[in-house]
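Chains A, B and C, in that order, give the protein sequences. Note that numbering that gives the first Met the number 0 has the first sequence beginning at 0, numbered continuously upward. Note that numbering that gives the first Met the number 0 has the second sequence beginning at 0, numbered continuously upward. Note that numbering that gives the first Met the number 0 has the third sequence beginning at 0, numbered continuously upward.
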Amino acid sequence: MLSVTINGRAYGPREVRDELSMNDFLREYLGMTGTKFGCGAAQCLSCAVIVDGPDGTSYTMPTCIAPAASFNGKSIRTVEGHAKNGELSVLQKAFIEHFAFQCGYCTAGFLNEGQVLLERLAKKPVARADLEKTIVEALDGHLCRCTGYIKYHEAVRAVILADPGRYLS
Amino acid sequence: MRISRRELLKSITASGIALSVSRLAIAEEPGFAARETMPGRQGWNPAATGVGRIDGVAKVTGAKLYAADFRGADLPGWPQATSHAMLIRAADATHIYTGMDLSRLSGALKPAVVVTADDLARAGVRVPQFYAGDLLCPVGKTPLYLGQPVALLIFEDFDAFDQARLALRDATVLKFGEETGPVKMPNYAAFRFTRIAGPTADAPDVYSPVKNGWVSPGFTESSGHPVWARLPAPTGQAYVEAAAYGEKIRAELAANNPTLLVLDREFETQSIDPMFLEPESGLAWYDAGRKSLELVVGVQSPYEAAESVAYLLGSANGAFKSAHINTNFAYCGGGFGGRDHTPFPLYVALAAMFFPGRCVRLANNRFEQFQSGIKRHAFKMRTQVGVDRATGKIVAFAADQALDGGGLANYSPAVATTGATASLGLYYVPKVDVTTYSFHSRGVTAGSMRGYGTLQTMTALEVLVDEVCTALPLDPIEFRRRNALATGGRTMTGNPYIVSVRTPEILDKLEKHPIWAQRAEEKARGRQAGTLVGTGVACAAKDYGTGGDACVGSVEIAPDGRITIHCDAMEMGTGVGTAVANRVAAHLGRVADEVAVARIDTYGPLALVTSGDSYTMDQKTQDAAARNPRWVPAISTATTASIGAHVGTHAAAEAARVIFRFGLWPAALELWGIAPKDRRANQWQTARWKDGQLVMPGLPSLALPAIAARAHARNGVTGAMTHGFNRWAWSQATFQLAGQAWTADIDALAVRRGAGKYARINRSNVKFPPTDFNRIGTSYTSQCGTVVRVEIDRSTGALRIAKAYSVLECGQALVPELVVGQAQGGFAMGVGYALHETLPPYEDGPGNGKWNLGQYLVARGSDLPLNGLQIEVLPPVDPAERPKGMAEVVMIPVVPALLNAIYDATGHRFRSLPVTQAMIKGVLK
Amino acid sequence: MQLNLRSPLFVSIVILSASMPASHAVSEAASDALASVESFASIGDTAARSAAIFTELGKVLTHPRCLNCHPAGDRPRQGDMARLHQPPVERGADGFGLPAMRCPICHLQANFDAAGMPGNPIWHLAPREMGWEGKTLREICIQIKDPARNGNRSVDALIEHIGEDHLVGWAWAPGYGRQPAPGTQKQAGALVEAWVKTGAECPN
């Protein structure tokens with residue numbers, strides 16, 4: 000059985016096959032294709048969503064290698080949930096303003112990962128000297144074939160440096 | 000293959016701009032076209048103020064954009080439910096295929112339809128010539144290549160499909176019998192390019208491809224290898240003459256002349272996957288009642304895809320005969336060439352035809368994408384260069400290139416010739432002889448991919464040049480200066496470039512850059528720290544354009560000044576929508592409010608017709624055809640060959656010029672109170688736009704909305720639709736408009752006045768580029784140079800790219816941020832190609848269906864100098880310089896620069912790709 | 000899976016060659032067998048017998064299922080080809096990965112065969128001091144006995160660790176697309192016990 004909260008909205012309970020992946024649940028059953036399918040092997044993370052734990056911590060998770068059933072009782076955010084009332088998030092705006100993406104297919108994954116990083120740093124800031132390394136470690140699981148990554152990193156860094164009191168120690 | 004005009008008009012119809020309501024009456028659901036028109040429903044257009052791309056909001060909010068995103072329920076009028084299809088592909092290409100065992104698929108897992116080669120034959124399906132080869136391997140034949148599809152299975156719903164997929168994973172589904180070995184097929188192409196310059200730079204060439212035509216050898220050995228020797232060709236003396244000159248050049252190189260340094264080296268490159276993040280997929284629905292086939296696909300060649308599907312079904316019988324094919328083209332999640340002329344849409348169409356009344360999805364997972372997606376050709380090259388020791392000038396050059404084209408011909412001939420004619424990079428050489436051929440193999444089909452053969456040949460060249468410089472010795476920048484092709488100089492095929500040649504500036508920039516200037520100190524510093532430090536430099540000159548590019552586009556301006564653009568270029572990440580909006584803005588003063596790309600269907604008023612093949616037709620045929628004022632050599636061609644800026648935006652830009660000249664300008668004159676006879680009335684080219692205002696010296700600035708309103712009110716031209724064709728030069732034609740003769744680089748024009756309808760204006764004369772321009776290798780070039788510093792760990796061979804600098808020129812950069820982004824992405828792709836990516840050919844390669852990203856390593860952020868890569872884009876030579884293509888050139892010099900840096904660090908010259916950590920470790924003592 | 004051996008000779012079934020990796024079907028008889036303890040009875044000298052038993056155990060210890068997570072450095076390996084793990088994950092402070100890519104995020108409580116994804120409730124890297132990639136059997140043997148490098152275990156505790164630990168046990172039920180370790184966990188445990196009882200000798 001699967002009951003899951005997606006972008007604040009409850010879905011289910013509904014029966015799902017054991018072998019159904021979460022990625023297919025989102026894309027085929029719910030039509031939520033903002034979460035992409037890139038490799039099916041947790042190598043590219045185009046399929047990653049944000050999982051919000053009950054303890055207030057969040058992490059990104061690839062949906063292609065996880066059974067939908069394993070999300071039972073979980074609360075997740077997808078790319079469709081970042082903008083609120085038509086207002087783009089700070090990170091979404093930064094991605095646009097920095098020309099961070101090109102074809103855009105990996106963008107949902109990068110957005111989710113960047114958002115989780117921002118939230119993590121807001122709770123546990125890092126030293127400025129460690130910032131670039133922290134961003135690389137956070138984003139390195141995500142493959143992009145178009146951009147060479149540089150503008151994605153610039154966008155995330157710009158958001159952090161625009162609010163150093165919140166993100167840096 | 001060209002279908003008749005009538006077939007064409009029947010098959011290419013208006014796509015879903017008319018928003019028909021879906022069966023469940025979801026009135027708000029936008030039609031496909033509305034979803035793919037930017038900036039989209041959210042309204043904010045970041046490009047309007049230059050802060051972002053026109054598709055920016057859609058892409059950061061996960062809007063449905065890609066073919067992979069759509070299901071029946073998303074498309075008004077389509078069946079709500081989606082069925083799912085899969086292709087069964089053969090991982091054996093050396094035994095006879097004897098049959099299929101689907102017994103595992105019982106009960107709920109049973110496919111609704113199984114399509115085999117027999118079914119295709121019965122239906123009267125035809126394979127377009129470009130894709131010649133069985134679409135499905137029939138029983139009794141050895142598969143032509145690894146991964147060749149054998150059957151198409153269609154499942155009622157997703158659950159059945161998903162469970163079937165898993166059930167088939169463990170099973171031996173396909174049966175094979177007698178071992179035959181791989182299927183032998185003739186070579187895809189073979190050419191010899193020979194040039195002997197005359198005694199002086201201005202004297203006519205003694206022999207050249209442009210002067211004497213392109214030649215191919217007439218004989219092959221039993222192995223399939225062409226016989227390049229000077230045997231009499233059955234069709235005449237043409238090849239013999241080229242071979243005679245070619246052999247003389249090689250004899251000169253072999254003569255042991257002490258005044259020459261002659262290096263003779265082999266270089267081998269690997270097969271590569273474009274690895275665009277969105278695997279190929281498509282959606283289709285055949286409405287048997289209306290005999291109408293609807294398709295949603297994401298390809299780089301929309302017109303060709305529509306044509307190919309029309310041909311596929313063009314003489315199908317009975318239930319498979321459609322009267323109407325409507326193809327909807329989506330944004331693509333990457334392309335890099337791999338989505339250009341791909342056979343995938345054919346299978347999508349078949350899935351619908353064999354399951355009529357249903358919406359069917361066919362999609363590759365990543366294993367299948369590796370197994371069947373277009374690959375980059377692996378090259379084996381032998382290159383000989385003869386350099387005068389005293390002057391450091393290259394006096395003679397010879398090369399032999401062999402390309403593994405894999406299972407289907409696809410673009411193999413074009414990749415061979417493009418790679419061959421780029422073999423000299425940015426150098427001038429008076430005596431050149433290059434042979435090239437591409438052959439069939441049982442590997443996965445190779446075709447178009449970023450660089451298109453020139454990446455391979457110029458990597459071999461620039462590594463060889465580096466070795467020449469070490470051997471002479473001569474400073475690598477100075478060597479390039481001495482040998483650079485100058486403006487007006489003749490390329491390998493014997494023609495000069497018709498655009499700027501900026502080698503001296505590129506070289507100056509490289510020489511002055513600290514990475515290059517400080518290479519000796521950095522090397523020494525590395526030695527002290529126990530690290531091997533090396534610096535490498537390389538340059539590339541890449542053509543842009545294919546010699547047969549066509550574009551079609553339209554622009555409209557509303558009474559309030561809002562601008563709408565349609566163009567046939569497609570979006571795969573390059574940002575062509577934003578680029579075309581910027582280029583039009585230069586003429587109309589405002590970034591477009593709506594841009595629809597990949598539209599091949601909204602140009603009915605032009606009533607274009609075409610015939611023949613623009614690459615092979617002779618002058619007489621072209622002249623006769625051109626007498627029809629509606630005839631053009633090609634209607635719309637692929638978004639490829641770095642042509643987005645140069646071709647993709649051209650038709651819309653020319654449309655915008657017409658609107659300005661015959662719509663906005665006369666309206667502005669009226670607002671200024673300037674009479675038609677006034678001298679200033681003709682000075683429309685002096686006017687400039689600034690912040691949405693039209694500025695003329697000595698006159699008050701006018702805001703665009705006011706001008707647009709007046710243009711509408713006075714029934715001026717408020718919309719224009721144009722077509723352009725480029726065969727190494729633009730077609731030119733003259734049109735009578737408002738009593739004026741308007742001559743421009745277009746060959747078809749329709750205009751709209753006020754709120755009226757479009758009306759054709761017949762051209763009063765036209766000059767198409769001569770057909771013998773097909774002998775040109777390229778007339779367009781852009782250049783890029785890269786210098787890179789690497790640090791190699793002595794104990795592990797691990798290589799770190801410490802810093803890099805790429806300098807390029809691209810004429811007018813329509814969107815500077817996009818140019819830099821392309822250069823950064825090209826750098827990353829070059830790093831992957833040089834150091835990480837490789838696919839074994841044949842049974843161990845991706846044709847076996849087992850490859851994914853765990854084995855195929857593309858560059859990650861941590862592989863790149865994220866904070867150490869500097870990109871510099873030279874400004875245009877003058878403000879009027881047109882945009883050049885640069886998306887490929889920015890990848891090329893990175894590769895040899897890395898190899899040259901590795902040599903500098905280790906003393907070892909690698910002559911194959913990729914150069915992995917293990918290989919580097921292997922040469923370290 | 001229990002092999003029923005009636006003779007000292009054991010049947011060895013060749014593992015698939017390295018060029019046919021990962022997603023090949025796991026057939027019922029595909030994995031190597033492990034010799035039974037009894038089959039070593041013919042070796043008279045106790046020390047020699049002990050070392051021989053450890054050599055047999057070495058088939059398990061050096062199999063990719065074990066070696067991939069006992070690497071020399073901080074990066075695990077992956078698959079039957081034991082290539083470097085992609086995406087590039089690292090041990091991190093606690094062996095469960097760096098903050099952005101914790102092992103349990105992808106490696107869930109159990110294998111997810113539909114995606115070929117291995118899983119276990121405590122999926123993580125063995126500590127650095129327990130890495131034995133690239134070492135000889137003798138070196139591994141010495142290391143595995145050393146309390147400073149084996150998690151402060153006595154040799155007796157190794158019997159339970161190898162014979163019954165749940166994560167170790169995953170090696171014999173690794174899920175779709177992966178060759179199990181040779182024999183069974185019970186058989187491996189029996190070998191450890193016999194090795195310990197014969198003095199836990201190391202091979203040369």
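Virtual Cβ for every residue (Gly too), placed ideally from N, Cα, C.
Check: With burial defined as no fewer than 16 other Cβ atoms inside 10 Å of the residue's Cβ, what is the status of H224(B): buried or exposed?
Finding: Locating residue 224(B) in the second sequence gives position 225, counting from the first residue. H224(B) is exposed by the Cβ-count criterion.
Check: Which residue from A644(B), I891(B), A904(B) and T36(B) puts its Cα closest to that of R518(B)?
Finding: Position 519 of the second sequence holds residue 518(B). The residue with the shortest Cα to Cα distance from R518(B) is A904(B).
Item checked: Residue range of the beta strand (DSSP E) that includes P12(A) -> Taking the first sequence and counting its residues from 1, the one referred to as residue 12(A) is at position 13. First-last of the beta strand (DSSP E) with P12(A): R8 to R13.
Notebook entry, point to check: Between V191(C) and the rest of its own chain, which residues show a CB-CB distance below 7 Å, the 5 nearest in sequence each way excluded?
Noted result: The count along the third sequence starts at 1 and reaches residue 191(C) at position 192. Hits under 7 Å: L56, L157, I158, I161 and G162.
Notebook entry, point to check: When Cβ atoms are compared, which residues of the region 251-270 of chain B fall closer than 8 Å to chain C?
Noted result: none
Check: Going along the chain, which residues of the region 88-101 of chain C sit with their C-beta nearer than 9 Å to a C-beta in chain A?
Finding: V88, E89, L97, P98, A99, M100 and R101
Check: Can you name, in chain order, every residue of its own chain whose Cβ lies under 6 Å from the Cβ of R941(B), other than the five neighbours on each side?
Finding: Not covered by the structure: residue 941(B). The range shown for chain B is 0 to 924.
Notebook entry, point to check: Going along the chain, which unbroken runs of the beta strand (DSSP E) with 3 or more residues stay wholly within the region 296-353 of chain B?
Noted result: Whole beta strand (DSSP E) segments, 3+ residues: 323-328.
Next item on the list: Starting from the Cα of L44(A), find the closest Cα among G164(A), A154(A) and L142(A) and give me that residue.
Entry: Taking the first sequence and counting its residues from 1, the one referred to as residue 44(A) is at position 45. Comparing Cα-Cα distances from L44(A) to each of G164(A), A154(A) and L142(A), the minimum goes to L142(A).
Checklist line | Bounding residues of the beta strand (DSSP E) (the contiguous stretch that carries Q383(B)) | finding: Reading the second sequence from its first residue, position 384 is the one you call residue 383(B). Here the beta strand (DSSP E) through Q383(B) covers A377 to D387.
Note to self: Using only the alpha-carbon positions, how far apart do L312(B) and A549(B) sit?
What the structure shows: Your numbering for residue 312(B) matches position 313 in the second sequence. Your numbering for residue 549(B) matches position 550 in the second sequence. Those two C-alpha atoms are separated by around 25 Å.
Next item on the list: Take every Cβ of the region 260-269 of chain B, pair it with every Cβ of the region 444-463 of chain B, and state whether three or more of those distances are shorter than 8 Å.
Entry: As far as the Cβ criterion goes, the region 260-269 of chain B touches the region 444-463 of chain B, which means the pair count is three or higher.
Check: If you drop the 5 nearest sequence neighbours on each side, which residues of the same chain put their C-beta closer than 7 Å to that of E27(C)?
Finding: Here residue 27(C) corresponds to residue number 28 of the third sequence, with the count starting at 1. Confidence at E27(C) is low in this model, with a pLDDT of 36, below 50, so its placement is unreliable and the value that follows should be read with caution. Nothing meets the Cβ criterion.
Note to self: Going residue by residue through the region 147-212 of chain B, where are the continuous alpha helix (DSSP H) segments of at least 4 residues, counting only ones entirely within it?
What the structure shows: 157-168 and 208-211
Checklist line | Listed by chain order, chain A residues near E277(B) by CB distance under 8 Å | finding: Taking the second sequence and counting its residues from 1, one reaches residue 277(B) at position 278. Within 8 Å Cβ-Cβ: K35, G37, C102 and Y104.
Check: Where does A740(B) land, buried or exposed, given buried means 16+ other C-beta within 10 angstroms?
Finding: Position 741 of the second sequence, counting from 1, holds the residue named residue 740(B). Exposed.
Notebook entry, point to check: Can you list, in chain order, the residues of the region 133-152 of chain A whose Cβ is nearer than 9 Å to any Cβ on chain B?
Noted result: I134, V135, E136, L138, D139, G140, H141, L142, C143, R144, C145, T146, G147, Y148, I149, K150, Y151 and H152
Next item on the list: Report the option in K756(B), L587(B) and T563(B) whose CA atom is closest to the CA atom of L694(B).
Entry: Numbered from its first residue, the second sequence carries residue 694(B) at position 695. The residue you asked about is not Leu; residue 694(B) is Val in the sequence shown. It is L587(B) whose Cα lies nearest to the Cα of V694(B).
Next item on the list: Excluding the 5 residues preceding and the 5 following A896(B) in the sequence, name in chain order all residues of the same chain whose CB lies nearer than 7 Å to its CB.
Entry: Taking the first residue of the second sequence as 1, we reach residue 896(B) at position 897. The residues are G535, V536, A537, T785, V786 and V787.
Next item on the list: Mind reading off the beta-carbon distance from C38(A) to N851(B)? Whole number of angstroms is fine, and I expect it under 8 Å.
Entry: To locate residue 38(A), count along the first sequence from 1; it is residue 39. To locate residue 851(B), count along the second sequence from 1; it is residue 852. The pair is a contact, with the Cβ atoms about 6 Å apart (cut-off 8 Å).
Item checked: G132(B) beta carbon near the ligand PLP (any heavy atom closer than 8 Å) -> This structure does not include the ligand PLP; it has no bound ligands of any sort.
Next item on the list: Decide if Q383(B) is buried, meaning its Cβ has at least 16 other Cβ atoms within 10 Å, or exposed.
Entry: For this step, residue 383(B) is matched to residue 384 along the second sequence. Counting Cβ neighbours within 10 Å, Q383(B) comes out buried, since at least 16 surround it.
Check: Closest Cβ-Cβ distance between Q42(A) and chain C: below 9 Å?
Finding: Here residue 42(A) is taken as the residue at index 43 of the first sequence, counted from 1. For Q42(A), a Cβ of chain C is located within less than 9 Å of the residue's own Cβ.
Next item on the list: Might you give, ordered along the chain, the residues of its own chain that have their beta carbon closer than 7 Å to the beta carbon of V158(A), omitting 5 neighbours on each side?
Entry: Residue 158(A) sits at position 159 when you count from the first residue of the first sequence. Contacts found: V89, L90, A93 and L117.
Notebook entry, point to check: Is Q114(A) buried or exposed, if buried means 16 or more other CB atoms sit within 10 Å of its CB?
Noted result: Reading the first sequence from its first residue, position 115 is the one you call residue 114(A). Q114(A) is buried by the Cβ-count criterion.
Check: What does a CB cutoff of less than 6 Å around G96(C) pick up in its chain, not counting 5 residues either side in sequence?
Finding: Within the third sequence, numbered from 1, the residue matching residue 96(C) stands at position 97. If you ignore the 5 residues before and after G96(C), its C-beta comes within less than 6 Å of the C-beta of V88 and C102, all in its own chain and listed in chain order.
Item checked: Test item: CB-CB of S440(B) and M491(B) under 9 Å -> Locating residue 440(B) in the second sequence gives position 441, where the first residue counts as 1. Locating residue 491(B) in the second sequence gives position 492, where the first residue counts as 1. Not a contact, by the Cβ cut-off of 9 Å.
Note to self: Helix, strand or coil for E220(B)? Go by DSSP, reduced to three states.
What the structure shows: One-based indexing of the second sequence puts residue 220(B) at position 221. Three-state result, E220(B): coil.
Checklist line | One or two residues paired with E871(B) in a DSSP bridge | finding: Walking along the second sequence from the start, residue 871(B) turns up at place 872. Residue pairing by DSSP places E871(B) opposite V806(B) in a beta bridge.
Next item on the list: Would you mind telling me which residues of chain A sit closer than 8 Å to Q85(C), beta carbon to beta carbon, in chain order?
Entry: Here residue 85(C) refers to the residue found at position 86 of the third sequence. Those are Q42, listed as they occur along chain A.
Next item on the list: Taking only beta-carbon positions, decide if T77(A) is within less than 9 Å of chain C.
Entry: In the first sequence, counting from the first residue as 1, residue 77(A) sits at position 78. Not an interface residue.
Margin query: Within 10 Å of its beta-carbon, does Q930(B) have 16 or more other beta-carbons around it, so buried, or fewer, so exposed?
Written below: Because chain B here runs from 0 to 924, residue 930(B) falls outside it and cannot be looked at.
Check: Who are the near neighbours of R338(B) in its chain, counting only those whose CB is closer than 6 Å to its CB and skipping five residues on each side?
Finding: Stepping through the second sequence from its first residue, residue 338(B) is reached at position 339. Contacts found: V298, Q299 and C331.
Margin query: Taking a contact to mean a Cβ-Cβ separation below 9 Å, would you say I373(B) touches N316(B) in this structure?
Written below: What you label residue 373(B) is simply residue 374 of the second sequence in a count that begins at 1. What you label residue 316(B) is simply residue 317 of the second sequence in a count that begins at 1. Not a contact, by the Cβ cut-off of 9 Å.
Checklist line | Cβ-based neighbour list, N83(B), same chain, cut-off 6 Å, excluding 5 preceding and 5 following | finding: Taking the second sequence and counting its residues from 1, the one referred to as residue 83(B) is at position 84. What sits at residue 83(B) in the sequence shown is His, not Asn. Result list for H83(B): F154, F157, F160 and R360, in chain order.
Margin query: With a threshold of 9 Å between beta-carbons, can T573(B) be considered close to chain A, or not?
Written below: If you number the second sequence from 1, residue 573(B) lands on position 574. For T573(B), the answer is yes, since a Cβ of chain A falls inside 9 Å of its Cβ.
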